[in-house]
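Last residue of the sequence shown: number 517 in UniProt numbering, and the count goes up by one each step with no gaps. Everything below concerns the one structure shown next.
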Amino acid sequence: MTHQHDGRPVDVGAARLAALHAWLLTAPKPGADAARIDTLRALEELKAACVAVQAQVLVELHDDALSAAREHAADPAGHHDRAGRQIPVTVRSAERDATASTVQQAARALRVSPHRARTLLGAARVWHEEMPHTLTSLRAGLLSEERALILVKETACLSTEDRSRIDADLCADPATLHGVGTRRLVGLIRVRANQLAPAALAERAERAAAGRCVTIRPAPEAMSYVTALLPVAQGVQVYAALRQVAESARGTRGDERSRGQIMADTLVERATGQEHATDVPVAVNLVVSDAALLAGGEEPAVVLDDDGAGHGTVPAAVARHFVAGGLDLDAAWIRTVYATADGDLVGTTSKRRFFAGGLADLLRVRDQGTCRTPWCDAPVRHLDHVSPVAVGGATELRNGQGLCAACNLAKEAPGWRSTAGPDPESGRHAVVATTPTGHRYRSVAPPPPRPADRAPARPRTTERTAPRSSPSGAIPRPRTPAAAGRAADLSGPAHPSSTATAGSRSHRARARHAGSR
Numbered sequence: 001m002t003h004q005h006d007g008r009p010v011d012v013g014a015a016r017l018a019a020l021h022a023w024l025l026t027a028p029k030p031g032a033d034a035a036r037i038d039t040l041r042a043l044e045e046l047k048a049a050c051v052a053v054q055a056q057v058l059v060e061l062h063d064d065a066l067s068a069a070r071e072h073a074a075d076p077a078g079h080h081d082r083a084g085r086q087i088p089v090t091v092r093s094a095e096r097d098a099t100a101s102t103v104q105q106a107a108r109a110l111r112v113s114p115h116r117a118r119t120l121l122g123a124a125r126v127w128h129e130e131m132p133h134t135l136t137s138l139r140a141g142l143l144s145e146e147r148a149l150i151l152v153k154e155t156a157c158l159s160t161e162d163r164s165r166i167d168a169d170l171c172a173d174p175a176t177l178h179g180v181g182t183r184r185l186v187g188l189i190r191v192r193a194n195q196l197a198p199a200a201l202a203e204r205a206e207r208a209a210a211g212r213c214v215t216i217r218p219a220p221e222a223m224s225y226v227t228a229l230l231p232v233a234q235g236v237q238v239y240a241a242l243r244q245v246a247e248s249a250r251g252t253r254g255d256e257r258s259r260g261q262i263m264a265d266t267l268v269e270r271a272t273g274q275e276h277a278t279d280v281p282v283a284v285n286l287v288v289s290d291a292a293l294l295a296g297g298e299e300p301a302v303v304l305d306d307d308g309a310g311h312g313t314v315p316a317a318v319a320r321h322f323v324a325g326g327l328d329l330d331a332a333w334i335r336t337v338y339a340t341a342d343g344d345l346v347g348t349t350s351k352r353r354f355f356a357g358g359l360a361d362l363l364r365v366r367d368q369g370t371c372r373t374p375w376c377d378a379p380v381r382h383l384d385h386v387s388p389v390a391v392g393g394a395t396e397l398r399n400g401q402g403l404c405a406a407c408n409l410a411k412e413a414p415g416w417r418s419t420a421g422p423d424p425e426s427g428r429h430a431v432v433a434t435t436p437t438g439h440r441y442r443s444v445a446p447p448p449p450r451p452a453d454r455a456p457a458r459p460r461t462t463e464r465t466a467p468r469s470s471p472s473g474a475i476p477r478p479r480t481p482a483a484a485g486r487a488a489d490l491s492g493p494a495h496p497s498s499t500a501t502a503g504s505r506s507h508r509a510r511a512r513h514a515g516s517r
């Protein structure tokens, strides 16, 4: 049964859940400590039961999407792209697109990243098809979502039969895992898995070694996590070597840094080949407002890597220190990107079928290197046309958005539509995506660092040119903070506002000047 909400059918069951949510927030609160403890336990069990119901809904949504995809693949007359051209579709590709579409819809509904939604969908299918006792414990509130996911993850390398055996061994009797902590649970699963399929675990270890990698993600307070996933022997060796250097420095040279600081600095120095960890020989790009860079403003700067992927923000003072250090090393370049008064970055129209050069840079700066899909934190890998070229979409800033690879591919599934335009509230670039179920989600470009108010341009009696040592199109900046204010008028005619992008290189500086509108 359904009723209407904003012109879209809404299931009565969903409405009743919303009413239960409202009741929970207004229900009488327990007065005694014993009642509070009972309430905590009841709410935790309710959370687990909600996860079980979500899993059931996910599986049903996915099953319906797969059925529709198979019917679509079996109908030769129904295979057309957005431009109306007939294209071949296999059952496998149709199922892949249906799964991607389901993941994207679930991610928006759950307000999580598509990667997380795919993990939850995979776990839901395993619970329903291979681990029924785990699902029963989840429904009863005896098993948390975290522990139920661990059971799926730790048995991923096993056959369906062996996985079901572990499910029965550990979860058929609720008393088996009573009082068992998470680490001990992992140990129990691995011991039983090794008894059932030792060869599968050995093969899993080999595959894990093949997946060794180094990743980076933002951390609080202008820091970052650089993580190396290594075979255990190599990981222990790396840590022991860094620790040995730290102990030697503190014991024989009287180094005042902490052991952790020495280990971190040594890692940077050995990985980059530089003499001091504070030197930065590779590109680190900042998007910083003119107010923060030149006038002591406190608007934080956005950090991008060479590929345009976002790495969070740093305080304005840190950004100024970074740029000043680059100037001292003759390793900094600055260019200006102009924005409208409401903070929307300005670009120029291109006749290309792909985003390149300054337009590509501007897209990455506007979207700050992070996928525009709501709740997706993945770095930008694809510069996407909101309205496809095949249906007349232009290669211009307002028709572009930065997406991760998964989100860009998923939006091509049947039933998805996207439109771009200014956000009614902020005026910044916005994309509205409509899913196959009719739900609509708005993605608004993040606000750029707030620029300083500019005074009207003064008439110039002589033409100014950049020094020969400056890159073409680059804006020279003074080396001393005292002279910083005098450099403001070197950026050209006055515009509503401007944002600077600054980078640092140890080699010859490069810069391109972004045009203004």
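All residues carry an ideal CB built from backbone N, CA and C; glycine is no exception.
1. What is the rounded straight-line gap between the Cα of Pro-446 and the Cα of Ser-93?
2. Let me know if Gln-401 comes out buried or exposed under the rule of 16 or more other beta-carbons within 10 Å of its beta-carbon.
3. Hey, how far is the Cα of Val-288 from the Cα of Gly-297?
4. Any idea which residues DSSP pairs His-429 with across the strands?
5. Ends of the alpha helix (DSSP H) at Ser-248?
6. Arg-192 and Asp-169: beta carbons closer than 7 Å?
7. Taking the beta strand (DSSP E) that Ser-443 falls in, what are its first and last residues?
8. Using the beta-carbon count (16 or more within 10 Å), is Ala-35 buried or exposed?
9. From the beta carbon of Asp-361, is the nearest beta carbon of chain D less than 7 Å away?
10. For the beta strand (DSSP E) containing Gly-402, name the first residue and the last one.
11. If you follow the beta strand (DSSP E) that Asp-384 is in, where does it begin and where does it stop?
12. At the level of alpha carbons, what is the spacing between Ala-122 and Gly-415?
13. Please confirm if the stretch 134-152 is in contact with the stretch 161-178, defined as three or more CB-CB distances below 8 Å between the two stretches.
14. My output table needs one value for residue 518: the three-state DSSP class, helix, strand or coil.
15. Exposed or buried, what is Gln-244 when buried is set at 16 or more other beta-carbons lying within 10 Å of its beta-carbon?
16. Of the choices Thr-227, Gln-274 and Gly-141, whose alpha-carbon is the least far from that of Arg-41?
17. Spatial neighbours of Ile-216 within its chain, please: C-beta separation below 6 Å, excluding the five flanking residues on both sides.
18. Between Ser-443 and Pro-374, is the Cβ-Cβ spacing less than 7 Å?
19. Kindly indicate which three-state DSSP category Leu-304 falls into: helix, strand or coil?
20. Quick test of your reading: Ser-101 and Ala-410, contact by CB under 8 Å. State the CB separation rounded to the nearest angstrom.
21. Along the alpha helix (DSSP H) that carries Pro-30, what are the first and last residues, could you check?
22. Give me the Cα-Cα distance between Arg-16 and Gln-54, rounded to the nearest whole angstrom.
23. Where in the stretch 159-216 do unbroken runs of the alpha helix (DSSP H), each at least 4 residues long, occur, reported from the N-terminal end onward?
24. Which residues share a DSSP beta bridge with Met-223?
25. Please report the residue range of the alpha helix (DSSP H) in which residue 532 lies.
26. Quick check: the Cα distance between Arg-320 and Gly-273, rounded to an integer number of angstroms?
27. Could you give the DSSP three-state label for Ser-93: helix, strand or coil?
28. Please classify Leu-158: is it buried, with 16 or more other beta-carbons within 10 angstroms of its beta-carbon, or exposed?
29. Out of Ala-413, Ser-387, Asp-173 and Cys-376, state which residue places its alpha-carbon closest to the alpha-carbon of Leu-403.
30. For Leu-229, which three-state DSSP category applies?
31. Count the CB pairs spanning the stretch 174-192 and the stretch 141-156 that are closer than 8 Å, and state whether there are at least three.
32. Do you know offhand how far Ala-199's Cα is from Glu-206's?
33. Is it buried or exposed for Glu-275, if we count other Cβ within 10 angstroms and need 16 for buried?
34. In this structure, how does DSSP classify Ser-289 when only helix, strand and coil are distinguished?
35. Going by DSSP in three states, Pro-379 sits in which element: helix, strand or coil?
36. If contacts are defined as beta-carbon pairs under 8 Å, then Ala-405 and His-382 qualify, I think. What distance do you get, rounded to the angstrom?
In brief:
1. Sequence index remark: in the sequence shown, residue 446 carries index 446 (1-based). Sequence index remark: in the sequence shown, residue 93 carries index 93 (1-based). Looking at the two C-alpha atoms, the distance is approximately 34 Å.
2. Sequence index remark: in the sequence shown, residue 401 carries index 401 (1-based). Burial is judged here by how many other beta carbons sit within 10 angstroms of a residue's own beta carbon; Gln-401 has at least 16 and is buried.
3. What you label residue 288 is simply residue 288 of the sequence shown in a count that begins at 1. What you label residue 297 is simply residue 297 of the sequence shown in a count that begins at 1. Going by the C-alpha atoms only, they are around 10 Å apart.
4. Here residue 429 is taken as the residue at index 429 of the sequence shown, counted from 1. Its beta-bridge partners are Pro-422.
5. Position 248 of the sequence shown, counted from the first residue, corresponds to residue 248. Looking at the DSSP string, the run of the alpha helix (DSSP H) that includes Ser-248 is 232-252.
6. Locating residue 192 in the sequence shown gives position 192, counting from the first residue. Locating residue 169 in the sequence shown gives position 169, counting from the first residue. Contact flag set, yes.
7. To locate residue 443, count along the sequence shown from 1; it is residue 443. Unbroken beta strand (DSSP E) run through Ser-443: 440-444.
8. The count along the sequence shown starts at 1 and reaches residue 35 at position 35. Classification for Ala-35: exposed.
9. Reference to chain D is not applicable here, since this structure consists of a single protein chain.
10. Stepping through the sequence shown from its first residue, residue 402 is reached at position 402. Here the beta strand (DSSP E) through Gly-402 covers 400-403.
11. If you number the sequence shown from 1, residue 384 lands on position 384. Per DSSP, Asp-384 is one residue of the beta strand (DSSP E) stretching across 382-385.
12. Numbered from its first residue, the sequence shown carries residue 122 at position 122. Numbered from its first residue, the sequence shown carries residue 415 at position 415. It should be pointed out that residue 122 corresponds to Gly in this sequence rather than to Ala. Separation of Gly-122 and Gly-415 (C-alpha to C-alpha, rounded to the nearest whole angstrom) is 23 Å.
13. yes
14. The structure shown does not extend to residue 518, since the chain is modelled only from 1 through 517, so no value can be given for it.
15. Taking the sequence shown and counting its residues from 1, one reaches residue 244 at position 244. Exposed, by the Cβ-count rule.
16. Translated into positions along the sequence shown, residue 41 becomes position 41. Answer by Cα proximity: Gly-141.
17. Against the sequence shown, residue 216 aligns to sequence position 216. Only Ser-224 and Val-226 meet the Cβ criterion.
18. Locating residue 443 in the sequence shown gives position 443, where the first residue counts as 1. Locating residue 374 in the sequence shown gives position 374, where the first residue counts as 1. Yes, the pair counts as a contact, with Cβ atoms nearer than the cut-off.
19. Within the sequence shown, numbered from 1, the residue matching residue 304 stands at position 304. Three-state result, Leu-304: strand.
20. As a first step, residue 101 must be located in the sequence shown, where it is residue number 101. As a first step, residue 410 must be located in the sequence shown, where it is residue number 410. That belief holds up - the Cβ atoms of Ser-101 and Ala-410 are roughly 6 Å apart, short of 8 Å.
21. Here the question's residue 30 lines up with position 30 in the sequence shown. Neither: Pro-30 is in no alpha helix (DSSP H) and is coded neither H nor E.
22. Within the sequence shown, the letter at position 16 stands for residue 16. Within the sequence shown, the letter at position 54 stands for residue 54. Rounded to whole angstroms, Arg-16 to Gln-54 spans 15 Å at the Cα level.
23. DSSP runs (the alpha helix (DSSP H)) wholly in the stretch 159-216: 160-171, 182-196 and 198-210.
24. Counted from its first residue, the sequence shown places residue 223 at position 223. In DSSP, Met-223 forms a bridge with Ala-219.
25. No answer is possible for residue 532: the residues shown for the chain start at 1 and end at 517.
26. For the purposes of this step, residue 320 is taken as the residue at position 320 of the sequence shown. For the purposes of this step, residue 273 is taken as the residue at position 273 of the sequence shown. Roughly 25 Å separates the two Cα atoms.
27. Within the sequence shown, residue 93 is the residue found at index 93, counting from 1. In the structure shown, Ser-93 falls within a helical segment according to DSSP collapsed to helix, strand and coil.
28. What you label residue 158 is simply residue 158 of the sequence shown in a count that begins at 1. The residue in question, Leu-158, is buried, as its Cβ has 16 or more Cβ neighbours within 10 Å.
29. Counted from its first residue, the sequence shown places residue 403 at position 403. Comparing alpha-carbon positions, the option among Ala-413, Ser-387, Asp-173 and Cys-376 lying closest to Leu-403 turns out to be Cys-376.
30. In the sequence shown, counting from the first residue as 1, residue 229 sits at position 229. Reduced to three states, the DSSP call for Leu-229 is strand.
31. yes
32. Numbered from 1 along the sequence shown, position 199 holds the residue referred to as residue 199. Numbered from 1 along the sequence shown, position 206 holds the residue referred to as residue 206. So the two alpha carbons sit approximately 11 Å from each other.
33. Indexing the sequence shown from 1 puts residue 275 at position 275. Looking at its Cβ environment, which holds fewer than 16 other Cβ atoms inside 10 Å, Glu-275 is exposed.
34. As a working mapping, residue 289 is identified with position 289 in the sequence shown. For Ser-289, the secondary structure class from DSSP, reduced to helix, strand or coil, is strand.
35. For the purposes of this step, residue 379 is identified with residue 379 of the sequence shown, where counting begins at 1. Pro-379 falls in the strand class under three-state DSSP.
36. If you number the sequence shown from 1, residue 405 lands on position 405. If you number the sequence shown from 1, residue 382 lands on position 382. 6 Å between Cβ atoms; contact.
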